[in-house]
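Sequence positions in the sequence shown follow my numbering and run 41 to 162. Below is one structure; the comments refer to it alone.
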Amino acid sequence: MYATRPVSFLQGGQTGSLDTKSKGAASRPQKRTRLDVLKSEIRREHLAERARLAKWKKEFLQELRAANWVVPEDEEVVGPGQRTDLTAGQALRTQELLEELEERKAIKNQCLEEKRGLVQEI
41 MYATRPVSFL
51 QGGQTGSLDT
61 KSKGAASRPQ
71 KRTRLDVLKS
81 EIRREHLAER
91 ARLAKWKKEF
101 LQELRAANWV
111 VPEDEEVVGP
121 GQRTDLTAGQ
131 ALRTQELLEE
141 LEERKAIKNQ
151 CLEEKRGLVQ
161 EI
């Protein structure tokens with residue numbers, strides 16, 4: 041059998057449930073656990089490392105530009121899907137696709153010229 045508290049124990053407006061949003065729970069500050077401390081330290085170290093690498097990258101790109109290397113001015117130039125280090129097969133396929141595109145453009149231009157000629161005749 042479970043022990044229960046008498047009704048007189050509950051004071052004005054309180055309920056018998058364990059509500060964590062009650063006035064007593066909200067007034068207590070949360071303790072920082074060891075895990076929270078470790079996470080914040082790791083995050084701080086990670087941000088410092090990213091800043092250090094960004095600075096190094098900027099300096100390295102400046103050195104490359106000074107040595108007359110062609111490097112993009114900003115990260116927008118070389119984005120996803122714009123890799124510059126293609127394999128031989130990828131480069132060959134890219135070249136084939138570009139040639140096919142030029143052929144199709146030539147056919148399109150011929151069709152447009154024929155259309156213009158027909159429109160002028162009408």
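From the three backbone atoms N, C-alpha and C, an ideal C-beta is built for every residue, glycine too. Remember, it's a predicted structure, so these values are computed and weren't measured experimentally.
Under the three-state DSSP convention, the category residue i falls into
i	result
Asn-108	coil
Gln-102	helix
Arg-72	coil
Segment limits, alpha helix (DSSP H) that includes residue i
i	result
Thr-134	128 to 161
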